[in-house]
Structures are given as C-alpha cells and as structure tokens.
Amino acid sequence: MTIPKDHPRYESLMRREKLKDMVERGIVDPTGLISHGRGEAFDYLMDEKSVEPALKAEEAAAAFLLNAKNPVICVNGNTAALCPKEISVLAQEINAKIEVNIFHRTEERMNTIIRFMEDEGAENVLGRKPDARIPGLSSDRALCTKEGIFDSDVILVPIEDGDRAEALVDMGKTVISIDLNPISRTSKTATVSISDDISRALENIRKFAIKMKGNEEYIIETINTYDNSQTRQETINIICFILKNEFQKEA
Ligand code: ATP
Numbered sequence: 494m495t496i497p498k499d500h501p502r503y504e505s506l507m508r509r510e511k512l513k514d515m516v517e518r519g520i521v522d523p524t525g526l527i528s529h530g531r532g533e534a535f536d537y538l539m540d541e542k543s544v545e546p547a548l549k550a551e552e553a554a555a556a557f558l559l560n561a562k563n564p565v566i567c568v569n570g571n572t573a574a575l576c577p578k579e580i581s582v583l584a585q586e587i588n589a590k591i592e593v594n595i596f597h598r599t600e601e602r603m604n605t606i607i608r609f610m611e612d613e614g615a616e617n618v619l620g621r622k623p624d625a626r627i628p629g630l631s632s633d634r635a636l637c638t639k640e641g642i643f644d645s646d647v648i649l650v651p652i653e654d655g656d657r658a659e660a661l662v663d664m665g666k667t668v669i670s671i672d673l674n675p676i677s678r679t680s681k682t683a684t685v686s687i688s689d690d691i692s693r694a695l696e697n698i699r700k701f702a703i704k705m706k707g708n709e710e711y712i713i714e715t716i717n718t719y720d721n722s723q724t725r726q727e728t729i730n731i732i733c734f735i736l737k738n739e740f741q742k743e744a
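Under the numbering used here, the first residue of the sequence shown is numbered 494, with each subsequent residue one higher.
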C-alpha cells in the first residue's frame, strides 16, 4: 500500500505498515500490534514528541548505562521490527550487549529475530542458547543467557511487560524501561522510566551518551540527582494538562 508523504499521519501509518509486514515475516507476534496501539494512544496524549521529563529520564538512562559494568539491551519482536539499527548503534556507543528475549518463544522465531538484527548491523546478538532463568517467572521470558541478561547490572528494556520488569528489579538490577504508558506496571517498577516513543528514546539516549562520555563527575552527579517518581509525576501532569487544554479549546 502507498501512503502519500503529505498525509498528516504519514510516520505513524508507515510504522503500522512496517509492523504488519513484520508479523508476516514472523518477527512480530500479532499481539504486538495491540501493544503498539496502546503505546500510540499515550504518544498522542503527549503531542507525539519527547516531553521534558522524558528527556530527563533519557539523560539519566545514558548515565546509568555508561556507568554499568555489564550493560544489556533487551530486544523483543516490536523492538527488533521498529528499531534494529538504533539498537545496534546505541549498543556500540555504550558498549552494551544485545539479547533477544520474547514472550511467544519458538526456536524458529528466535532465530528469525536474531538473524534480522544481525542483518541490520547488530553484533554478537545473544539469546539463541539460553543457559539461565530469571527467578520468579514461569513463562518462557524467564529464559536468558548468563553472560547477558542474567549477569547484567544495568538493563534497558523497551516495550516490556510488568512481570519481567518486576522480576529484573527483584534480581537487584537497575532497570531502564522505555514505555509510553507512565502508569504501566513496568513504568511503576523501573528504576528509570522513560515515557517516550522507542525510536526517539533510543536516539536521545545515544546523543546524551555521546555528550557525557568520559565526564565521570557529570555521570555520577546525573545518577545521584535523578528522581524517578518526580519524573513520572511530571509526565502524568503533562498528559493531564494536554487533555484539559484540548477540552478548553473545544469548549
Ligand atoms: P504492564 O504489564 O507493564 O502494565 P502492558 O500490559 O501494557 O504493561 P504490554 O502489552 O507488553 O504490557 O505493552 C508494552 C508497553 O509498551 C505498553 O504499555 C505500551 O505503552 C508500550 N509501547 C508500545 N509501543 C511502544 C513504542 N513504540 N514506544 C514506546 N512504548 C511503547
């Protein structure tokens, strides 16, 4: 299907088309389309841009990732489909490992996603041969590798579900979530909750990382002064403000 470039929702419609194609290729599970729809709804409520608290969280995320001993970026079907290149370049910038971890797991789907990530430039993608389990999870999402997710100290989890975010926090990890919904269980649980679209968030984290790399003092100060509850509260305030103003515009 051809979407005219001047369509006001061109970007959004193109992404929907991409996700539809990725379902056909076996990379995205059909339920991933529902997750995406939930994300789009929250993006709409934040004017489809990176709001100020999201930028604060993205800067903190860059600091935590640069300060980590074993940073890992977790990739599921939607993440692979939407941002394969952004994941690869961020991983290189912060020296992080990439591990695929999916809820609807089959060997075939794992291989398809890993191969796709590698074709798009990701190196040494982990996840094919799990040799550890995340405690407290009964689903296949518990399956992981010891060198990657299991032994990570800081983990970036885009488009995550709440159970796994909780299990990772219970393991003592610093969990950085990218989830447009600031009141999801994931956002409530994470150490750093980024309520922004995945593409914008990954690019912003990368830019912050480039800026603060090598400046240890600034990295530590950013970590020590970051307040995640305040950030979440500010995000919710912005959504309320936008909704209220929209109503006043119409009244
Ligand atoms: P939880 O279990 O944390 O309450 P959930 O049940 O909504 O969340 P999922 O259905 O797995 O969990 O959805 C993942 C989350 O990812 C959703 O809350 C959605 O807002 C978010 N999301 C979807 N697409 C994007 C995107 N492109 N960028 C950022 N976040 C997204």
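Built from N, CA and C at the ideal position, the CB exists for glycine as well.
Taking a cut-off of 5 Å from the heavy atoms of ligand 1, the residues with a C-beta inside it are Ser528, His529, Arg531, Gly532, Ile652, Asp654, Gly655, Asp672, Leu673, Asn674, Ser677, Arg678, Thr679, Asp690 and Ile691. With fewer than 16 other beta carbons inside 10 angstroms of its own, arginine 518 counts as exposed.
Taking a contact as a CB-CB distance under 8 Å, the pair serine 670 and valine 650 counts as one, their CB atoms being some 5 Å apart. Annotation: the continuous beta strand (DSSP E) that includes serine 670 extends over 667-671. When the five nearest sequence neighbours on each side are left out, the beta carbons in the same chain lying within less than 8 Å of the beta carbon of glutamate 545 are those of Glu727 and Ile731, in order along the chain. In the three-state scheme derived from DSSP, where H, G and I count as helix and E and B as strand, lysine 511 is classed as helix. Per the DSSP secondary-structure output, isoleucine 591 pairs in a beta bridge with Ile566.
Here cysteine 576 carries a coil assignment [DSSP, helix/strand/coil]. Glutamate 551 is positioned such that its CB atom lies no closer than 7 Å to that of asparagine 717.
Taking C-beta atoms as the reference points, valine 565 and glutamate 586 fail to come closer than 7 Å. Within its own chain, the residues whose Cβ lies closer than 7 Å to the Cβ of arginine 602, once the five positions on either side in sequence are excluded, are Gly519 and Ile595, listed in chain order. Secondary structure at isoleucine 712: helix, using DSSP grouped into helix, strand and coil.
For serine 686, the enclosing beta strand (DSSP E) stretches over residues 685-687.
Judged by their CB atoms, threonine 679 and aspartate 689 are not nearer to each other than the 7 Å cut-off.
Using a Cβ distance threshold of 7 Å, leucine 583 and arginine 502 do not count as a contacting pair. Between glycine 655 and threonine 638 a beta carbon distance of about 22 Å is seen, past the 8 Å cut, so the two are scored as non-contacting. DSSP, reduced to helix, strand and coil, places alanine 615 outside both helices and strands of the structure shown, so it counts as coil. When only Cα atoms are considered, isoleucine 642 and cysteine 567 end up about 8 Å apart. Within its own chain, the residues whose Cβ lies closer than 6 Å to the Cβ of alanine 615, once the five positions on either side in sequence are excluded, are Ser581 and Ile591, listed in chain order.
Following the DSSP letters along the chain, one finds valine 650 in no alpha helix (DSSP H) but inside the beta strand (DSSP E) bounded by residues 647-651.
Taking a C-beta distance under 7 Å as the contact criterion, methionine 515 and alanine 574 qualify as a contact pair.
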